[in-house]
Amino acid sequence: MLAIIGGSGLTQLSTLEVVRREVCRTPYGEPSGALTFGTLAGKPVVFLARHGYGHTIPPHLVNYRANIWALHQARATAVVSVASVGGIRADFAPGTLAVPDQIIDYTWGRKNTFFDGGEAPVRHIDFTHPYDEKLRRSLLAAATDAGEPIFDGGVYASMQGPRLETAAEINRLERDGADLVGMTGMPEAALARELDLPYAALNVVVNYAAGRSSSEHGIHFDSIELVLQEAMLRVRRVLEALCRAG
1 MLAIIGGSGL TQLSTLEVVR REVCRTPYGE PSGALTFGTL AGKPVVFLAR
51 HGYGHTIPPH LVNYRANIWA LHQARATAVV SVASVGGIRA DFAPGTLAVP
101 DQIIDYTWGR KNTFFDGGEA PVRHIDFTHP YDEKLRRSLL AAATDAGEPI
151 FDGGVYASMQ GPRLETAAEI NRLERDGADL VGMTGMPEAA LARELDLPYA
201 ALNVVVNYAA GRSSSEHGIH FDSIELVLQE AMLRVRRVLE ALCRAG
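Numbering (UniProt numbering), first residue to last: 1 to 246.
Following this line, the structure appears as structure tokens:
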């Protein structure tokens, strides 16, 4: 069963044929909301809105451990994370869909591991390649099947939020090798790896990052909403193609 975590712009999956909703409890507290079980293109899917179904939970307060644990507990076999991002590189223009292949983590203070001490021995995961390559390839193939252009690869910079970045911070991220900037990619990806849960991201570029192109003098939030509305229709088509192929 595929698990889909929806970020900004995807608090519900309108094409999901809902079977039931389930409130979950985990050893790490409550997830962002009830899990929504249903079918998409005839395949079983479980959906969770990362920021809550009313988009009320900021990135630094998302209970990532509870979210990933709940999906694992629900017997999800893979997780696709949908998230809106800013484009740092010039060719990552608003409206671009991307499946990143690397992460740089700039977050702090988040509960970022299931191994916080106690009786269980610590597990040191290999995180050389933070995304599951097979799932990445499946997403790219699904985009092709859906006729949606998509970018293969890119380095995702995970920032603390909830504020957006300064132009100087984006310059630093570019020097570090980042292509995309968001706020929720970590510790989500690492937690999934700790549970051996294949995880990949489908990023939607909704604006140029601070100081870049049309965002040179500031971020225009009204234009972000317009990009999101159009891009999420394309995201849904990719997810449907992924399920059909699955």
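Built from N, CA and C at the ideal position, the CB exists for glycine as well.
All values reported here derive from a predicted model rather than from experimental measurement.
- The C-alpha of Q229 lies about 15 Å from the C-alpha of E148.
- Per DSSP, the unbroken alpha helix (DSSP H) holding Q229 starts and ends at 221-245.
- P27 is classed as exposed because its beta carbon has fewer than 16 other beta carbons within 10 Å across all chains shown.
- Take A70, set aside five residues on each side of it, and the residues of its chain with a beta-carbon closer than 8 Å to its own are C24, T26, P31, L35, L48, in chain order.
- For R110, the closest alpha carbon among the candidates G118, R123, S158, A142 is that of S158.
- Counting along the chain, no beta strand (DSSP E) covers Y53, and no H or E run does either.
- The beta carbon of W108 sits closer than 8 Å to the beta carbons of Q160 from its chain, once the five residues preceding and following it are set aside; these are given in chain order.
- Shortest Cα-Cα distance from G33 to any of D132, I68, L164 involves I68.
- Per DSSP, the beta-bridge partners of F151 are A98.
- Beyond the five residues adjoining it in sequence on each side, P187 comes within less than 6 Å, by CB distance, of Y64, R110, N112 in the same chain, given in chain order.
- Rounded to whole angstroms, A146 and P162 show a C-alpha spacing of 33 Å.
- Residue burial annotation: G153 is exposed, with fewer than 16 other C-beta atoms found within 10 angstroms of its C-beta.
- The C-beta distance from R136 to A74 rounds to 22 Å, too long to meet the 8 Å contact threshold.
- Spanning the alpha carbons of A83 and I5 requires a straight line of approximately 8 Å.
- Bridge pairing for P44: T39 [DSSP].
- The beta carbon of A66 lies closer than 7 Å to those of T26, Y28, G29, E30, P31 in the same chain, with the five residues before and after it left out.
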